[in-house]
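Here the structure is laid out as structure tokens; the discussion comes afterwards.
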Amino acid sequence: MADAAETAHSAAHSSTESRVLIAADKFKGSLTAVQVAERVTAGLRRVLPDLEVEALPVADGGDGTVAAAVAGGFERREAEVTGPLGTPVTAAYALRGDTAVVEMAEASGLQLLPEGVFAPLTSTTYGSGELLLAALDAGARTIVFGVGGSATTDGGAGMLAALGAKFLDAAGEPVGAGGGPLADLATADLSGIDPRFAEVDLVLASDVDNPLTGPKGAPAVYGPQKGATPEDVETLDAALAHFAQVLEKAIGPKAAELAASPGAGAAGGIGYGALVALGARFRPGIEVMLDVLGFAPALSRATLVITGEGSLDEQTLHGKAPAGVAAAARAAGLEVVAVCGRLALPPEALGKAGIRRAYPLTSVEPDVAKCIAEAGPILERVAEQIARDFLS
Numbered sequence: 001m002a003d004a005a006e007t008a009h010s011a012a013h014s015s016t017e018s019r020v021l022i023a024a025d026k027f028k029g030s031l032t033a034v035q036v037a038e039r040v041t042a043g044l045r046r047v048l049p050d051l052e053v054e055a056l057p058v059a060d061g062g063d064g065t066v067a068a069a070v071a072g073g074f075e076r077r078e079a080e081v082t083g084p085l086g087t088p089v090t091a092a093y094a095l096r097g098d099t100a101v102v103e104m105a106e107a108s109g110l111q112l113l114p115e116g117v118f119a120p121l122t123s124t125t126y127g128s129g130e131l132l133l134a135a136l137d138a139g140a141r142t143i144v145f146g147v148g149g150s151a152t153t154d155g156g157a158g159m160l161a162a163l164g165a166k167f168l169d170a171a172g173e174p175v176g177a178g179g180g181p182l183a184d185l186a187t188a189d190l191s192g193i194d195p196r197f198a199e200v201d202l203v204l205a206s207d208v209d210n211p212l213t214g215p216k217g218a219p220a221v222y223g224p225q226k227g228a229t230p231e232d233v234e235t236l237d238a239a240l241a242h243f244a245q246v247l248e249k250a251i252g253p254k255a256a257e258l259a260a261s262p263g264a265g266a267a268g269g270i271g272y273g274a275l276v277a278l279g280a281r282f283r284p285g286i287e288v289m290l291d292v293l294g295f296a297p298a299l300s301r302a303t304l305v306i307t308g309e310g311s312l313d314e315q316t317l318h319g320k321a322p323a324g325v326a327a328a329a330r331a332a333g334l335e336v337v338a339v340c341g342r343l344a345l346p347p348e349a350l351g352k353a354g355i356r357r358a359y360p361l362t363s364v365e366p367d368v369a370k371c372i373a374e375a376g377p378i379l380e381r382v383a384e385q386i387a388r389d390f391l392s
């Protein structure tokens with residue numbers, strides 16, 4: 001492997017033969033993955049005007065996944081669905097042939113909430129179910145369901161209700177929207193779920209492997225970022241545990257098994273809903289997206305790979321896009337460098353992840369506020385430095 005790496009390294013130093021693959025995620029709040037690729041390309045070409053560059057914006061299943069699919073050649077489609085607060089929103093999904101990429105954050109994401117408004121107990125995934133239906137109606141037979149960035153903690157109950165499931169209280173009335181009202185659930189009936197899901201390959205793509213409940217479950221770990229107080233977290237955890245118990249009565253022991261399985265806690269438990277009732281299979285989001293976007297052929301054409309995301313930190317090492325890109329590139333014997341807004345990993349951790357060197361925006365502009373406000377132009381300057389260090 002050392003020989004392959006040395007070969008790739010020497011090739012990467014000859015600008016006439018170099019071909020750079022940019023496979024970076026978004027810089028959250030500053031640049032989309034597409035914009036990151038554009039800015040890095042501009043900076044590299046300022047130093048080497050004839051450099052061959054291929055851009056393949058990536059995502060790990062969270063917000064930005066549809067945008068990455070569209071940049072990779074999928075067609076953008078839109079549908080009007082129910083937002084997390086129950087009001088209509090326009091949500092996008094991506095389609096190519098009979099493969100769709102559906103991002104739950106488009107229908108039920110935190111970014112859809114008004115500034116400072118949270119509804120941890122009542123926000124719903126109903127619109128995510130409607131978005132899945134739109135993909136089915138468009139002819140999708142393989143659906144990559146990217147889950148992350150949710151405003152919701154309802155175990156996917158809203159999504160399943162949109163697809164035909166019935167969740168009733170003791171009086172035989174439908175329980176209210178959101179995770180909190182699941183405490184009142186008396187009976188669950190999944191028999192009305194759209195039968196097309198039996199024939200669809202539904203891939204649950206996520207960068208988290210949390211179970212549904214407990215100290216590492218969806219409410220405890222992700223509830224606070226959705227506005228949940230400690231009391232709300234307790235309420236939601238108990239309600240989701242009750243939800244799983246009622247489903248166990250309805251469909252048997254697999255309901256309990258799946259509640260404890262990796263990915264069940266993804267996106268406020270929507271992972272659980274997809275696993276328990278839609279026959280989904282869980283895969284790390286970045287692996288799925290690299291497959292869907294054609295990363296392997298792009299990698300075979302490259303001599304140097306540039307990846308990155310807004311913050312390179314401990315979380316990056318656990319299934320985030322740059323770690324997935326670096327692992328695949330290292331297996332192919334290619335060198336990887338990373339760009340980021342903020343760097344919180346020591347060189348040895350980067351090395352273990354397969355990243356030769358990381359370039360934060362702060363390496364050329366120490367003022368963090370300026371890095372956020374002027375991320376694009378500063379990233380171009382960072383890319384110029386990469387060209388000088390690795391390609392000139």
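Going by our numbering, the sequence shown opens with residue 1, and the numbers climb by one from there. Where a beta carbon is used, it is the ideal one built from N, C-alpha and C, also for glycine. Please read these numbers as outputs of a predicted model, since none were measured by experiment.
Can you tell me which of the three DSSP states residue i falls into?
i: residue 17; result: coil
i: residue 312; result: strand
i: residue 3; result: For residue 3, the predicted model reports a pLDDT of 45, less than 50, meaning its position is unreliable and no value from the coordinates is stated.
i: residue 361; result: helix
i: residue 356; result: coil
i: residue 55; result: strand
i: residue 392; result: coil
i: residue 459; result: Nothing can be reported for residue 459, as the shown portion of the chain is limited to 1 through 392.
i: residue 9; result: Residue confidence for residue 9 is low, a pLDDT of 43 falling below 50, so the modelled location carries little weight; the figure read from the coordinates is stated next. If DSSP states are grouped into helix, strand and coil, residue 9 belongs with the helices.
i: residue 106; result: helix
i: residue 380; result: helix
i: residue 123; result: coil
i: residue 374; result: coil
i: residue 387; result: helix
Would residue i and residue j qualify as a contact pair, given that the criterion is a beta-carbon distance under 9 Å?
i: residue 81; j: residue 134; result: yes
i: residue 299; j: residue 292; result: no
i: residue 336; j: residue 354; result: yes
i: residue 263; j: residue 243; result: no
i: residue 83; j: residue 112; result: yes
i: residue 207; j: residue 156; result: no
i: residue 216; j: residue 148; result: no
i: residue 44; j: residue 34; result: no
i: residue 302; j: residue 48; result: no
i: residue 212; j: residue 259; result: yes
i: residue 267; j: residue 144; result: no
i: residue 279; j: residue 188; result: no
i: residue 376; j: residue 31; result: yes
i: residue 158; j: residue 127; result: yes
Could you name the residues that DSSP lists as bridge partners for residue i?
i: residue 340; result: 309, 360
i: residue 27; result: 31
i: residue 116; result: Answer is none; residue 116 lacks a bridge partner.
i: residue 22; result: 55, 306
i: residue 335; result: 304
Practice item. Output the residue ranges of the alpha helix (DSSP H) runs that lie fully inside the stretch 57 to 101 and measure 4 residues or longer, sorted by chain position. Key: 65 to 71
Check your understanding: Whole alpha helix (DSSP H) runs in the stretch 134 to 204 with 4 or more residues, listed along the chain?
Key -> 157 to 162
Point to revise | Those runs of the alpha helix (DSSP H) which lie wholly inside the stretch 254 to 305 and span at least 4 residues | key: 254 to 259, 266 to 277, 285 to 293, 295 to 300
Review point. Do the stretch 98 to 110 and the stretch 172 to 185 touch if we need at least three Cβ pairs shorter than 8 Å?
Key: no
Practice item. Taking 8 Å as the threshold, find out whether the stretch 16 to 27 comes into contact with the stretch 38 to 49 through three or more Cβ pairs. Key: yes
Check your understanding: Three or more C-beta pairs closer than 8 Å, one from the stretch 225 to 238 and one from the stretch 113 to 122: is that the case here?
Key -> yes
Exercise for review: Inspect the CB distances between the stretch 238 to 258 and the stretch 315 to 324 and report whether three or more fall short of 8 Å.
Suggested key: no
**Study point:** Cβ pair count under 8 Å reaching 3, the stretch 118 to 126 against the stretch 62 to 74
**Key:** no
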